[in-house]
Structure formats: structure tokens, C-alpha cells
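>
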Amino acid sequence: MVDLLLSGTWRIRPTLSFNSAIGYSEQRAQVARFENRGRRVRVSVNTALPRGFSMGASAQVRWTDYPDYQFFGQTFPREDRTRTVSASLHKRDFTLYGFSPQLVVTHEKRDSNAQALDSVGNRAELRLVRQF
106 MVDLLLSGTW RIRPTLSFNS AIGYSEQRAQ VARFENRGRR VRVSVNTALP RGFSMGASAQ
166 VRWTDYPDYQ FFGQTFPRED RTRTVSASLH KRDFTLYGFS PQLVVTHEKR DSNAQALDSV
226 GNRAELRLVR QF
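106 is the number of the first residue of the sequence shown in this note's numbering; add one for each residue after it.
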């Protein structure tokens, strides 16, 4: 498995940062049809707000190719494109045993040229972030 990521952060102000990343991945599997290669691009922005809140947003696009994937006799390789957007809200100044709450809401949509593998999903996560 190979997973490479090049990212950079720009601190626009002490309370506002912008992050971008590009990546490449490759996965070898025991069954050749599940081997894949992928590329991704991500941008995100985070800001510290008054009253101990932090807010963030990110967007990512991933392209994944399965060169040996055959689905019910199709004669072309499988190609997926996944788009993900998320927003987060973090309460930095409230801690319980050193942890503070963070709420993350994510929407993800995958388009595939393989039959029946398109998907749309939403999720919400309540995270406990360790304060140092």
C-alpha cells in the first residue's frame, strides 16, 4: 500500500487558516480486481471564533481507478469519483477530564461507472478532542 500526501497551511491571521492538500494512493490486493490507484485534492478553512468556538469547513474530491475490475461482464475498468464536504464546530473552552466536544457533519457522494456502485451518504460525528 502506498499513500502519499502533500499539504500546506497558510495562516491568514492568527485566528484564520487555510489548508490544501494533494495526494496519491495505490493499494495491492490479494484479488487483482480490487487493486486500485487514486488521486485526491482537498481544501479546508478553519477559524477561531469568540466565546471559545472554532469552526471549520472542508471539501475533497477523490478519483479512484480499478484497472482489473470487471462487473457482470463490463469491458471497461471501474472508475469512481467521490466528493466530500464537511463542516465542524468545536467548543474549545469547555473541557471534561481534558476533552472538549466537537461536532462534525459530512456529506459524501460517489459516482461510479460500475453498475450499482453509486452512493450518497450523510453522517454526523460527536468527537471528544483532547486539549493539551
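Where a beta carbon is used, it is the ideal one built from N, C-alpha and C, also for glycine.
Exposed or buried, which one is tyrosine 129 when buried takes at least 16 other CB atoms within 10 Å?
Counting Cβ neighbours within 10 Å, tyrosine 129 comes out exposed, since fewer than 16 surround it.
> With DSSP as the reference, identify every bridge partner of proline 206, one or two as the case may be.
Proline 206 is bridged to Leu233.
> Nearest to alanine 221 by alpha carbon, out of Thr211, Arg183 and Gly113?
Looking at the Cα atoms, Arg183 is the closest of the given residues.
> From the DSSP output, in three-state form, read off arginine 156 for me.
Reduced to three states, the DSSP call for arginine 156 is helix.
> Would histidine 195 count as contacting chain C if we go by Cβ distances under 8 Å?
In the displayed structure, chain C is absent; only one protein chain is listed.
> To the nearest angstrom, report how far apart leucine 121 and asparagine 151 are at their CA atoms.
Taking the straight line from one Cα to the other gives about 6 Å.
> From Thr200, Arg186 and Thr211, pick the residue whose C-alpha is nearest to that of serine 193; which is it?
It is Thr211 whose Cα lies nearest to the Cα of serine 193.
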